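Scroll down for the structure; my scribbles are underneath it.
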Amino acid sequence: MTTATLAMAARWPVGDPLVIEADPAGGDLAARHRLASSPGLVSLAAAARRASNTELLNEHSQRLPGGLRVVPGPVAAEQARAALGVLTTRGARTVHAGAGPADAAVLVDVGRLDSSSPALPLVRGAEALVVMARPRADELSHVATLLGEIPTWTKTPGLVLIGEGYGRAEVERELRVPVMGTLPHDSSGAALLCGEPQGRPLEKSALGRAAARLARDLVAHIQPAAPSKGSQAAAAVTTQVPSSGNGVVPR
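According to the working numbering, the sequence shown is numbered sequentially starting from 9.
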């Protein structure tokens, strides 16, 4: 669901948002967009051992071709987990410091989340958790197994459905939780975010329009929980549930 996270950040209503790729299984952004291996998550973790300030995220981020700021994760899972081991013990405050200004937003992609994930401390410290799932029986069953744990991780969770399947009302009725929003199957709209040269501009695509609505809703979702930071600040985490099929919005 990295692409969905990028789409939300790219359509954030204000400011210069940043995406941290904190997937313990390893990252895709460096290979997908031909980014340098550093700066990124590994260099951020090393720097977080020594300091914590609002500039660290800027110093260890790169720009995607469209201008979006990202902290790319290493491809290797072993490196990713090691970096997260440092960040989650010493660097979580770095993420929150980066989201401190009133027009800032930090979105953290933590991959597939469970109670043993090394990224879980980042979830516990965030202002919101967005759980992304395709509205199919296999993925929704995984969401159902997490419903008892999620409230212990965050006070502001939200469920986002990606692609076609069960209807929103049916999902809400069966899981007994509200759906924050939906994102469509839109390969053309996702192409640029996936590093492909061809594709519709995100702002003109169905994915881009839906991502903009979701970003606005996420800001509104966070605001009551963090009124002191202003209406546009966010330290939000996105996660996905285990998948056994083809991607609807490419990862």
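No residue lacks a Cβ here, since even glycine has one placed at the ideal position from N, Cα and C. Keep in mind it's a predicted model, so treat the numbers as computed, not measured.
Whole angstroms is fine: what's the gap from residue i's alpha carbon to residue j's?
i       : j       : result
Leu-191 : Gly-171 : 6 Å
Ala-30  : Val-116 : 6 Å
Met-16  : Arg-176 : 20 Å
Leu-43  : Ala-54  : 19 Å
Pro-159 : Trp-20  : 26 Å
Leu-95  : Leu-64  : 12 Å
Ala-90  : Glu-67  : 20 Å
Thr-10  : Val-185 : 23 Å
Pro-260 : Ala-56  : It is not possible to answer for residue 260, since the shown part of the chain is limited to 9 through 259.
Thr-153 : Ala-145 : 12 Å
Arg-132 : Ala-85  : 22 Å
Leu-72  : Val-151 : 31 Å
Pro-205 : Ala-220 : 22 Å
Please return the same chain residues whose Cβ sits closer than 6 Å to the Cβ of residue i, not counting the five positions on each side in sequence.
i       : result
Gly-189 : Val-168, Leu-222, Asp-225
Which residue from the options puts its Cα closest to that of residue i?
i       : options                          : result
Pro-143 : Ile-158, Gly-173, Ala-127        : Gly-173
Leu-183 : Ser-149, Ala-198, Lys-212        : Ser-149
Ala-88  : Ala-38, Leu-72, Ala-145, Glu-204 : Ala-38
Ala-59  : Ser-45, Thr-97, Leu-72           : Thr-97
Ala-18  : Pro-205, Ala-198, Ala-228        : Ala-198
Find out if the Cβ-Cβ distance for the pair residue i, residue j is shorter than 7 Å.
i       : j       : result
Leu-92  : Pro-126 : yes
Met-140 : Ala-12  : yes
Val-187 : Glu-178 : no
Arg-40  : Gly-203 : yes
Glu-157 : Ser-123 : yes
Skipping 5 residues on each side, what residues in its chain have a beta carbon closer than 8 Å to that of residue i?
i       : result
Ala-244 : Ala-113, Val-114, Leu-115, Val-116, Ala-134, Glu-135, Ala-136, Leu-137, Val-138, Leu-226, Ile-230
Gly-119 : Ala-30, Asp-31, Pro-32, Ala-33, Ser-125, Ala-127, Thr-247, Gln-248
Pro-209 : Leu-200, Gly-216
Leaving aside the five residues before and after residue i along the sequence, list all residues of the same chain whose C-beta is less than 7 Å from its C-beta, in chain order.
i      : result
Ser-69 : Leu-26, Pro-47, Arg-77, Val-78, Val-79
Leu-14 : Val-27, Leu-76, Leu-201
Cβ of residue i less than 7 Å from any chain B Cβ?
i       : result
His-229 : Among the chains of the structure shown, chain B does not appear; only one protein chain is present.
Subject >> Touch test, the stretch 70–87 against the stretch 24–40, Cβ-Cβ under 8 Å, three pairs minimum >> reply: Taking a cut-off of 8 Å for Cβ pairs, the stretch 70–87 and the stretch 24–40 touch, as three or more such pairs fall below it.
Original post:
Can at least three beta-carbon pairs, one atom from the stretch 50–69 and one from the stretch 81–92, be found at a separation below 8 Å?
Top reply: Yes, the stretch 50–69 touches the stretch 81–92.
Subject >> Contact between the stretch 194–207 and the stretch 149–165 (3+ Cβ pairs under 8 Å) >> reply: The stretch 194–207 vs the stretch 149–165: no contact.
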